[in-house]
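For reference, the structure is listed below as structure tokens.
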Amino acid sequence: MELISFNTLIEIFNAYKNVIIWFGSISLFVFLFSLLSIKWLVALIPEDYFVIKRVSKIKSQNPLIWYFILILKNLVGYSLILGGVIMLVLPGQGLFTIIIGLMLSNYPGKYIIEKKFIAIPTILKSINWLRRKSNKPPLKVS
42 MELISFNTLI
52 EIFNAYKNVI
62 IWFGSISLFV
72 FLFSLLSIKW
82 LVALIPEDYF
92 VIKRVSKIKS
102 QNPLIWYFIL
112 ILKNLVGYSL
122 ILGGVIMLVL
132 PGQGLFTIII
142 GLMLSNYPGK
152 YIIEKKFIAI
162 PTILKSINWL
172 RRKSNKPPLK
182 VS
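Every position in the sequence shown, counted from 1, becomes a number in this note's numbering once 41 is added.
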């Protein structure tokens, strides 16, 4: 097995400099976004989200706006998942960003997975700590 020389690494970097800069910029943006938004996002979860299954008021009142929001939310969610996967090899909070993306996206069985995930005591404790910092009541889990 032959080792790659330093000059070869420099050549590879120069050949893919724009791609590396773009991925690095995206990684930095997602990292900063996740740090700045986590407290706000956790505070948005209704305290009884895992106890009562709700129907969206927007969906029943204006389905066109609901579909637009759904598409936008899924685009952001899948972008975060992609950014998180990229951050597994670049600087950033890859797993955390993937989890946020999964929570924003819609897919079959999502609610059951969220409920099992939130029932892990250390995760529930951490999320409720963030909610306390936002002056929100703790999440109820059945």
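Here a beta-carbon is modelled for each residue, glycine too, at the ideal position from N, C-alpha and C.
Residue range of the alpha helix (DSSP H) that includes residue i
i: N187; result: In the structure as shown, the chain starts at 42 and stops at 183, and residue 187 therefore has no counterpart that could be examined.
i: Y148; result: Segment: none, Y148 is in no alpha helix (DSSP H) and carries neither H nor E.
i: Q102; result: K98 to Q102
Residue i (DSSP reduced to helix, strand or coil)
i: V92; result: coil
i: I86; result: coil
i: I139; result: helix
i: V60; result: helix
i: G174; result: Per the sequence presented here, residue 174 reads as Lys, with Gly not at that position. Correct three-state label for K174: helix.
i: I161; result: coil
i: L44; result: coil
i: L129; result: coil
Residue(s) in a DSSP beta bridge with residue i
i: V182; result: F91
Exposure label - residue i; buried when at least 16 CB within 10 Å
i: F109; result: exposed
i: T163; result: exposed
i: F72; result: buried
i: I53; result: exposed
i: I141; result: buried
i: L136; result: exposed
i: L113; result: exposed
i: S97; result: exposed
i: T49; result: exposed
i: S183; result: exposed
i: L121; result: buried
i: S101; result: exposed
i: S68; result: buried
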